[in-house]
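In my numbering, each number is its position in the sequence shown, counted from 1, plus 6.
Using N, Cα and C, we set each Cβ at its ideal position, and we do this for glycine too.
Here is the structure we will look at.
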Amino acid sequence: MSLSLYKPLGDNNEAVRLQAAQQLAGELSELLAGEHTEKSKADVDYALKRLTRGIGSGRDSARPGFAVVLTEFLTNLAAGGNAEKWGISLDDAVTAVVKNTTPQGHSSGQEERDAWLGRLFGLQSLVQSNILFSTEDAVTEKYPAVLDLLFEVANKKPWLMESSAWTIAASVPRWPQETSAKAAEITYAKLISSGMAKTGEGVGIWLALRAHLPEVTPPKDVWSKGSPLVTGNLATLARVLKESGAKEEGIKTKGSWNPKLGFVWESILNVYFSEEAQWKAVREGKPAAAEWAEFWRAVVDESLFSSSSSEERKFWGFLFFLKALDRITTPPDLTAMFSKNFMRCMTNQLADVERYLNKAAAKVSRALIAKSESAAWTAPVIFKQLVANNGSPNFDQLTRTKTVDKVLCSADEAGLVEVVKVLGDVISNPLGSLSDVEDGTKVAEVRRQWAADQILSAIRSGKTVKSESWLKKVIELFATYGYFDVVDKKKKPVVPVTTISQGMFRARLMSSLTHLITLTAGVDNSESWPYLAVKTLAELEEKKNSYKFVVEFDEKIAEALEKATTTVEKLRKKRASDPADIQLLSFELLYSLIILQVYNGESDALSVLEDLQSIQKKILKLEAKAKKSKKGKTAVIEDEEMNMDMDPSAVLVDILLSFLSKPSMLLKRLAQTVFTSFCGSITREGLERCFEVLETKEGLDGQATLFDNENDDEEEEDDDDMEDLDSDVEMLSNPEGDDDGEDSDVEFLSASESESESESVADRNEEEARKLEAALQTVLSAPAGEDSDSDADLDDEAMLALDAQISNIFAKRKEASSKKSQKKEAKELIVHFKAKILELLEIFAKTAPRSPLALEMLLPCLVLSRSTRDQKLQEKAFGVVRTFAHNSKREGLPVLSGEDVDRAWELLEAVHVEAGKGGAKGRRATCSSASILVVRTLAAADGDTVDTLTRVTAVYGATMARWVADPKLGIDNGFFSDLVGWAGSVRGKFGKEEVLAPTVEVAVGKGKEKRKRGENEDEVVEVKTNGGGKNKKRKKGGKKGRN
């Protein structure tokens, strides 16, 4: 046998240590199984001595290495009569462990510690080898002695109590069946005699015996009915596990605190949540364990989390909560864990980062979020417990976390239904269990707003499942409490809903629709969400015995609403047969949202409704004819409109512009949705309505031109209330510190001033300050000829006159300051409005780049980019031109005919004139891009492209002549080099049908097809067939392009 293998058993490298242990254990096994000789006997005796000494060594990792080999050695010694063969009895093995792990006299503290640890490892080897349970005699004679030694280690060294008890409890499942009953009886007896029966470690051993050896009846004088988990024992068990009992109760406490939970807590969780037969027997057998809710209340909430508990015990409570959270399987069991003291402790600890257990509570908070994400069924349970019952609606505000918000977003479809129900209960009974509230109405308003905000947060979140099952309930909830008084006694709210809360619910309904309107699927894939809201209002209005409508109308409004409701019902029926018709959907959205505006008391909603009714049939009729006509949509619409008194397209655009003029994200999205669906129907007059807005001055004059200011005072009445409504209102500037723009309905856009403007404003302020100072000096200076420097010489009349003069000075200054504020607000309003118009034009550029009207957008955008002083607005204008140019390459250039060609030539000259007015580098590049775009369109439209190029060069030549003659002309070299670059790309292709790409001949039927291959595989090119057929559009690869 190689003695060199003993030394590597203490190596810190686990791989080296285990390899040596495996090799040495193998050699010892062969030695024990081999022939008995003097040399082999000496080797066996040396092995026992060396291994028992090694476990007491403090060198590196000697203890675990030697303990592994000792366990294997003792196991082999007990097998096949080896003990008798080698003359080593069980008593010899126990004696060797005790002898070689006994501290020597005058040993240091470290040496004593090593010795006690070595003894524990040696006793573990004896127990784990099962040598103590191999025969009845071994169990009866030697097992009690080993138990005494283990309990001695536990009692003398409390820091080893946990390990000593775990050694016994872990061995129970491995006991041989023949001796297990006797071993259990001995273990019960020794556990009681050692005084450890009423310790956490003793309970752990007790539960292990109850689970694996239920046939052995435990003593009744320690725990009532023989189980520490029965209801009657929970109070005592709580003190045992808390380690705070009195000596007369037999409860033993430790001298030190361990920040880790003992194994007994894991055993308790096994009893309540394990599906293994032995643990289920403890849970459901006789006597049965107390319910989980009872156990949690008595042992955890009223013990570890009690107000008198130390921070260390509360820390244990948090650790056990985390362990239990991983094992929990049912909503009732999870609900029980959010008990009163636990919620109070967690909330307080999270509220202050300076508290001792703040990090532990934060870990619990993160665990709750992770649990809700991994097991969606827990989300509604956790949400309810955090905000209701023992929680608080403002849990996130109190704890400065986003626990509630994140848990809410993790709920699945069924969970969201439960969450909405919980929040509906809060709305119905906002005070809940609160009593003695001074101002119950105010508290109810705050809590109802909180509940509505939570629902809105779930709708805004991109993580939540947007399904009809819960969204429909949300619409019904907001509609019910926003527009009705509930008079049914069974459904009536405990606290009446105030007018302020009703307005809040209406605002939340509109905010919800702001997000839902963008969803591709509505209710049952046929009804839109705004229509569902209108339908819900109509259904609730019919239930007059349960709901009383709070909005009052005169006969005219009621008649208009009835007519509009009838119209929207007809539209919905048409959509049911053709759900893909985007234009029918657009009108359904328009009607539904305008009806809601009328219900909300919008001043101009009724007139918009009348305009919509006047054009709806005409537009749909024109669309139907345009689809059937071969002349194309635009031509048909223009021909039809010649016989009409008004242009329905222009009226529709006016309606959409009226939506955009309001600070509502919902109306903005509605306008964009409708505009997208009707891009093919928009006429020149309709686009010119947009251009007129872009030409408006950015100031008070522009505001007076665009907006009717008659009702300014009415609009300002409720300014203070608007802050509380959190509706779909768009804001013109972003408040400082607001980082929640992601989930908000609010669109932020602030007017940016140039440096020169800022400097001029500063100069004006300084000048006005000097004027104010001079005016005050003039008034306060003494009259000529008087020497007095005191106010005492002024009589009462003089003082009153002086006071009037000073008041007049400050009144004028206040008036001037107010006028400045008005100018600034007017500028921001116009800039914001123009930005929305540019977004519509960008939609047109994406949707209808082949329309000849698309060219009409270029000049207004270029003019705006020069006239505005707002940099963001200028960039948006550039963006429209870039979008048009990009999409014209993908979809094809505008198709011009007749007057459109003449207009395009006029546009080219106008673009050159506008380019000459200068601007920054970005604007010059955009002007050049717009010019080349017009040139490309003209080249594709004219039959004789050589003449077209001649005329194009003439226009550019005239511009170059002006550029050479006038050094101040705002054009750079790039304007002309861009034309040269384009000309080089089409060189040699003029005079042919196509100028965009080289041709290749491909056999097609009887004739030959000349097909253009563009550099970009998405580029649409012309195809001419020699067989006399018409030109057709094709894409690279032979696929059909868009017509």
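At a Cβ-Cβ threshold of 7 Å, PHE321 and LEU356 do not count as neighbours. Judged by their CB atoms, VAL659 and ARG695 are nearer to each other than the 7 Å cut-off. The C-alpha of LEU543 is placed about 11 Å away from the C-alpha of SER598. SER813 counts as exposed, since fewer than 16 other C-beta atoms from the protein chains shown sit within 10 angstroms of its C-beta. For the pair VAL103 and ALA27, the CB atoms are not nearer than the 7 Å cut-off. When the beta-carbon positions are compared, TRP298 and ASP339 come within less than 7 Å of each other.
If you draw a straight line from the Cα of ASN161 to the Cα of GLY115, it comes to about 18 Å.
Taking every protein chain shown into account, the CB of GLY232 has 16 or more other CB atoms within 10 angstroms, so this residue is buried.
Rounded to whole angstroms, GLU419 and VAL393 show a C-alpha spacing of 20 Å. For the set VAL209, VAL145, ALA214 and ILE192, the Cα lying nearest the Cα of PRO179 is the one of ALA214.
Less than 7 Å divides the Cβ of GLY62 from the Cβ of ASN106. As summarised for the segment 338 to 419, the continuous alpha helix (DSSP H) elements at least 4 residues long and confined to that stretch are 346 to 357, 364 to 380, 384 to 393, 401 to 405 and 409 to 415, given in chain order.
Around the beta carbon of ASN136, 16 or more other beta carbons lie within 10 angstroms, which makes this residue buried. Contact between VAL159 and SER170 holds: their C-beta atoms lie close to 5 Å from each other, under 8 Å. Residue THR874 holds the alpha-carbon nearest to the alpha-carbon of GLU701 among ARG119, MET510 and THR874. Burial is judged here by how many other beta carbons sit within 10 angstroms of a residue's own beta carbon; SER10 has fewer than 16 and is exposed.
Per DSSP, ASP948 lies in no alpha helix (DSSP H) and is assigned neither H nor E. For TYR553, the enclosing beta strand (DSSP E) starts and ends at 553 to 555. Taking the C-beta atoms as reference points, LEU615 is found nearer than 7 Å to ALA570. In its chain, beyond the 5 residues on either side, THR341, PHE344 and GLY397 have a beta carbon closer than 7 Å to the beta carbon of GLN391.
Using a Cβ-Cβ distance cut-off of 8 Å, the segment 507 to 524 and the segment 559 to 569 are not in contact, since fewer than three pairs of beta carbons, one from each stretch, lie closer than that value. Its chain contains no residue whose beta carbon lies nearer than 6 Å to that of SER315 once the 5 sequence neighbours on both sides are disregarded. Closest in C-alpha terms to LEU859, from the list ALA910, ILE465, LYS830 and ASN893, comes ALA910. Check the Cα spacing between SER517 and each of GLU568, TRP476, ALA464 and LYS498: the tightest is with ALA464. Residue range 490 to 492 is occupied by the beta strand (DSSP E) that includes ASP491. The beta carbons of ALA832 and LEU706 sit closer together than 7 Å. Counting of Cβ neighbours within 10 angstroms places GLN183 among the exposed residues, the total staying below 16. Rounded to whole angstroms, the separation of the alpha carbons of PRO536 and LEU602 is 8 Å. When Cβ pairs closer than 8 Å are counted between the two stretches, the segment 950 to 964 is seen not to touch the segment 878 to 890, the count staying below three. A direct Cα-to-Cα measurement between LEU975 and LEU913 gives close to 19 Å. If you check the CB distance, ALA217 and VAL288 come in under 7 Å. The beta carbon of ILE977 sits closer than 6 Å to the beta carbons of ALA921, GLY922 and TRP969 from its chain, once the five residues preceding and following it are set aside; these are given in chain order. In this structure, LEU865 and VAL941 do not form a Cβ contact; the two beta carbons are roughly 15 Å apart against a cut-off of 8 Å.
In terms of Cβ geometry, PRO654 and ILE621 form a close pair [threshold 7 Å]. In this structure, PRO265 is the residue among LEU985, PRO265, ALA513 and ASP972 with its C-alpha nearest to the C-alpha of ALA366. Apart from sequence neighbours up to five positions away, the residues of its chain that approach TYR553 with a beta-carbon distance below 8 Å are THR486, PHE490, ASP491, VAL492, VAL493, ASP494, LEU546 and GLU547, ordered along the chain.
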